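S.K.:
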Amino acid sequence: MNRRTFLGTAFGIATVVTVDGLKMNAQEAKVITMPELPYAPNSLEPIITANTISYHYGKHHTAYVNNINKLIIGTQFTGMSLEQIIKATSGKSDKVSIFNNAAQAWNHNFYWHSLKPKGGGEPPAALKQKIEKSFGSVDKFKEALTQAATGQFGSGWAWLVADGDALKVVKTGNADNPMTQNLKPLLTIDVWEHAYYLDYQNKRADYVKGLLENLINWEFAAANL
Ligand code: MN
Numbered sequence: 081m082n083r084r085t086f087l088g089t090a091f092g093i094a095t096v097v098t099v100d101g102l103k104m105n106a107q108e109a110k111v112i113t114m115p116e117l118p119y120a121p122n123s124l125e126p127i128i129t130a131n132t133i134s135y136h137y138g139k140h141h142t143a144y145v146n147n148i149n150k151l152i153i154g155t156q157f158t159g160m161s162l163e164q165i166i167k168a169t170s171g172k173s174d175k176v177s178i179f180n181n182a183a184q185a186w187n188h189n190f191y192w193h194s195l196k197p198k199g200g201g202e203p204p205a206a207l208k209q210k211i212e213k214s215f216g217s218v219d220k221f222k223e224a225l226t227q228a229a230t231g232q233f234g235s236g237w238a239w240l241v242a243d244g245d246a247l248k249v250v251k252t253g254n255a256d257n258p259m260t261q262n263l264k265p266l267l268t269i270d271v272w273e274h275a276y277y278l279d280y281q282n283k284r285a286d287y288v289k290g291l292l293e294n295l296i297n298w299e300f301a302a303a304n305l
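Per our numbering, numbering through the sequence shown is continuous, rising by one, with the last residue being 305.
(1) Tell me whether the beta-carbon of V249 lies closer than 8 Å to the beta-carbon of L266.
(2) As an exercise, report each continuous beta strand (DSSP E) stretch of at least 3 residues that is fully enclosed by the stretch 98-183, in chain order.
(3) Per DSSP, which residues does I211 bridge with? Please list them.
(4) Between which two residues does the alpha helix (DSSP H) harbouring D279 extend?
(5) Do you know whose CA, among L278, A285, A255, lies nearest Y191's CA?
(6) Once the 5 residues before and after A90 are set aside, which same chain residues still bring their CB inside 7 Å of it?
(7) Compare the C-alpha of W237 against each of Y287, T252, A182 and name the closest.
(8) Could you tell me the distance, in whole angstroms, from the CA atom of G216 to the CA atom of Y135?
(9) Applying the criterion that 16 or more other CB atoms from any shown protein chain within 10 Å of the CB defines a buried residue, is N282 buried or exposed?
Dropping the structure here:
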């Protein structure tokens, strides 16, 4: 029986209707679901406004999730996790759209968790020790991450990653994700213009500074170690 699914614009919220008329929940249909935002849309204000969240989470992130589902239906990627799709399509010239949308869906979920209301401050002891070992100090790490975030030319992401025992800062362009280079993402900053333009216009450095001082979720980074 053909279980090809049709995904409407309301996809990800409740049910998916298959060609044979069955209503299935998203898990049964093996689609990628839109993850919940881990906090209220206005709770990152004033650093990131609810208006930005409404476009960034509500439109951009949602579009990547809808797109990846449309692209993988009926292919060998159906039923895979985003991480598996990313690894299976990385560097393949005939799979660029699938890679881009899967990676953007994954990156955005990771980004929302890299932030939290009343974040910032000091990292937990174990993470702080590793940061000091790799960067000299927490401030030096913040400088390196700021450099990566503001220095990324055009769209992309700045990351704290683990490379074996060492921690590193890397930047990636467009949808790219460090996991394709065997690095383990610990936290990320989205530096696509859609992440900050409504609140900061062209001032990416102000967005990065506000985020590092007030929103960074050290506990999330520590938990990813
Ligand atoms: Mn984004």
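Each residue gets a CB set at the ideal place from its N, CA and C atoms; glycine is no exception. Nothing here was measured: the structure is a model prediction, and the numbers come from that model.
M.R.: The structure says:
(1) Not a contact, by the Cβ cut-off of 8 Å.
(2) Contiguous beta strand (DSSP E) elements confined to the stretch 98-183 occur at 103-105, taking only those with 3 or more residues.
(3) Within the DSSP secondary-structure output, I211 pairs in no beta bridge.
(4) That run of the alpha helix (DSSP H) goes 277-280.
(5) With distances taken between CA atoms, Y191 lies nearest to A255 out of L278, A285, A255.
(6) At A90, the pLDDT of 39 sits below 50, so the modelled position is not reliable; the number obtained from the coordinates is stated separately. Close CB contacts of A90 within its chain, under the 7 Å cut and outside five residues either way in sequence, are absent.
(7) Ranking the options by Cα distance to W237, first place goes to T252.
(8) If I take the Cα positions, the gap works out to 38 Å.
(9) N282 counts as exposed, since fewer than 16 other beta carbons sit within 10 angstroms of its beta carbon.
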